[in-house]
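Encoded as structure tokens, the structure appears first; notes follow it.
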Amino acid sequence: MNPQHTGEYPYSVYPPLNYKWTYKLVHNDFLMISASISSNGVIYVGDGGRFLRAIDIESGKILWKKGLTANVWTTSLINDTLLLAGTSISFDTTMATLFLLNAKRGDSIWGIPLFTVEFQPVPVDTFIYVSNLQGVMYGIKNRGKIIWRDTIYAEAWPYAGGGAIIDDYLFAGADESPFLSLNRYTGEEICKFDPSGWIDNRFPLVKYPTNIYFFASETLYCVNKNLTEILWRKNEFGKFILPTPSLYDTWLLCTRFGTIYKLHADTGDEIWKIHPVDSGGTTSITITENKIFWAAGDNLYSIDLQNGDTLFRTKYTDKYIPWLNSWFWPIFYGPYVIAAHYKKMYIYKGTEFNMSQNDEFFIFYPSLIRSEGYLFLNLLSSSYVKLEVLDVSGRLREIINLGRLEKGKHFYVFKPKNLSNGIYFIKWKGERKKFIFLKIGS
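If you're matching positions, the sequence shown starts at 260 in this note's numbering and goes up one per residue.
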């Protein structure tokens, strides 16, 4: 999670996904709120009760566990050795609810009583920014000293959220209070914007250097950095707390229950909207470097950012309950995709291509389940790409025109239109890949 909450993951992840393992909360039925992953592949997540656990992503092995004050809701890494954890308040209100721990061993470095901390702290430089369910935002130094506090929400629960950072500004807003910008070093109010209604958002989104996005009164607002001008607004979202929008270049993605919108980030113009889920809503959206975005609802979805086509979907291994989506997922580590629903966290692994970046190649993965296949290409220069599908006698059966593609990696779902069951070859630049096509239901 970056301080602007853009929803971008700066590496490529490719379907199809392979299920690896599941982690189940030990205590209670608390919905998984959020987790974090270090660069050495360790997931930090609560157990549904007061214990925080460090889990190896490849094996699912629990590396250590640490008992804290009460239910562990959230974690956030400062770096690979320092970990923040937020918990519920205890009957003893003097007990800590925000902790800094040694990420490798679980030892507590300090703890501060801040009432219940449910949403991820945002560490920036030597500061930590965190809100509690009483509507108070804090600026805290890494050594545990509270530098400032500001009551920014009139009635916090359940509408409290965290802040987003850009330059010296911290932006935050929730419930019927105005949307604010604060000096992130002092907590002093810089300016405010009053949408005259509920602000329905967990975290605002910042597009550097000027655009701020948040939901309020059934409307998605885009305002300038000084909160003095509405750049655009889109009013069709309903009164409901919604996941933070996500950003990729000039494209903005946001969700309303099961509908996903692609908007132009600077104008608000709608490019498309899709409704990929059969029931329930969708979580936050994470966008990977290869222009695929990922969201979870009744399935875990990977969707083409360009046209909104569903590339792949993975059914959970357990029953789906529509109103128990956890918004702060999916999260990523290398080729791993991690989703959560109700009491369980699901770990999948994307397809890996062990090829040199200096080689031009194409790879084809057939899917016998969905009557389609997956094409992966790496181009050393911009070129027009046409692939041919041949039967065993060498007859041309289908042509795949991908048009002119830029240099680099490309991923496509191949959905044959005119093939019956059988053995075929897919050909590009003289190279042939053999595959078996099985049309389900034929």
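A virtual CB, placed ideally from N, CA and C, is assigned to each residue, including glycine.
Legend entry - CA-to-CA distance, Val304 to Ser298, given in whole angstroms: 15 Å
Legend entry - Local Cβ density within 10 Å of Asn330, reported as buried at 16 or more and exposed below that: buried
Inset, instruction - Quick one: residues in its chain with C-beta nearer than 6 Å to the C-beta of Glu611, no 5 flanking neighbours on either side, listed in chain order? - result: Pro594
Inset, instruction - Decide if Ser436 is buried, meaning its Cβ has at least 16 other Cβ atoms within 10 Å, or exposed. - result: buried
Legend entry - Bridge partners - Glu529, DSSP secondary structure assignment: Leu522
Inset, instruction - Report the rounded CA-to-CA distance for Val465 versus His264, giving the unit in angstroms. - result: 7 Å
Inset, instruction - Report the rounded CA-to-CA distance for Gly403 versus Val389, giving the unit in angstroms. - result: 12 Å
Inset, instruction - Could you spell out where the beta strand (DSSP E) holding Trp280 opens and where it closes? - result: 277-283
Inset, instruction - For chain B, find out if any of its Cβ atoms is closer than 8 Å to the Cβ of Ile606; answer yes or no. - result: Note that chain B does not occur in the displayed structure, where there is just one protein chain.
Inset, instruction - Under 7 Å Cβ to Cβ from Glu488, same chain only, skipping five residues before and after it: list those, please. - result: Val482
Legend entry - Inter-stretch contact (C-beta, 8 Å, three-pair minimum) for the stretch 425-444 and the stretch 383-399: yes
Legend entry - Per-residue burial, Arg443 [other beta carbons within 10 Å of its own, 16 or more giving buried]: buried
Legend entry - Distance, Val648 Cα to Ser701 Cα: Legend: pLDDT at Ser701 = 44, less than 50; position of this residue unreliable, no value from coordinates given.
Legend entry - For Phe452, the nearest candidate out of Arg461, Ile411, Thr445 (CA to CA): Ile411
Legend entry - Any alpha helix (DSSP H) of 4 or more consecutive residues that is wholly inside the stretch 621-659: none
Inset, instruction - Pull up the distance between the alpha-carbon of Val381 and that of Val395, whole angstroms please. - result: 14 Å
Legend entry - Nonlocal neighbours in the same chain, by C-beta distance under 6 Å from Arg691, ignoring five residues either side: Phe684
Legend entry - For Asp568 and Ile699, the rounded distance between their alpha carbons: Its pLDDT being 49, under 50, Ile699 is placed unreliably in this model, and the value from its coordinates should be taken loosely. Near 20 Å, if we compare the C-alpha coordinates of Asp568 and Ile699.
Legend entry - Cβ-Cβ separation, Thr547 to Val272 (assumed contact under 8 Å), whole Å: 5 Å
Legend entry - Spatially closest choice to Tyr575 from Leu311, Lys602, Phe552, by CA coordinates: Lys602
Inset, instruction - Measure the Cβ-Cβ separation of Phe374 and Gly420 and say whether it is below 8 Å. - result: no
Legend entry - Through-space distance from Leu646 to Leu661, alpha-carbon basis: 8 Å
Legend entry - Trp510 versus Ser652 - alpha carbon distance: 46 Å
Inset, instruction - Enumerate, from N- to C-terminal direction, the unbroken beta strand (DSSP E) stretches of 3 or more residues contained entirely within the stretch 370-432. - result: 381-383, 386-390, 395-400, 405-410, 423-425, 428-431
Legend entry - Cross-strand partners of Arg691 (DSSP beta bridge): Lys686
Legend entry - Close-in-space but distant-in-sequence residues of the same chain around Val285 (CB under 8 Å, 5 per side omitted): Asp306, Gly307, Gly308, Phe310
Inset, instruction - Work out the CA separation of Ile562 and Ile406 for me, nearest whole Å. - result: 43 Å
Inset, instruction - Using the Cα positions of Gly398 and Gln379, report the straight-line distance between them to the nearest angstrom. - result: 14 Å
Legend entry - Alpha carbon of Lys688 to alpha carbon of Lys676, nearest angstrom: 22 Å
Legend entry - Reduced DSSP category for Leu583 - H, G, I as helix; E, B as strand; rest coil: helix
Inset, instruction - Give the single residue among Phe673, Val672, Ile658, Asp650 whose Cα lies nearest to the Cα of Ser679. - result: Asp650
Legend entry - Where Trp553 falls, given that 16 or more other Cβ within 10 Å makes a residue buried: buried
Legend entry - Sheet register partners of Phe438 (DSSP bridge): Phe452
Inset, instruction - Ignore the nearest five residues each way along the sequence and tell me which others in Asp339's own chain have a CB closer than 7 Å to its CB. - result: Ser297, Ser298, Asn299, Ala362
Inset, instruction - Assign Ala598 to one of three DSSP states: helix, strand, or coil. - result: strand
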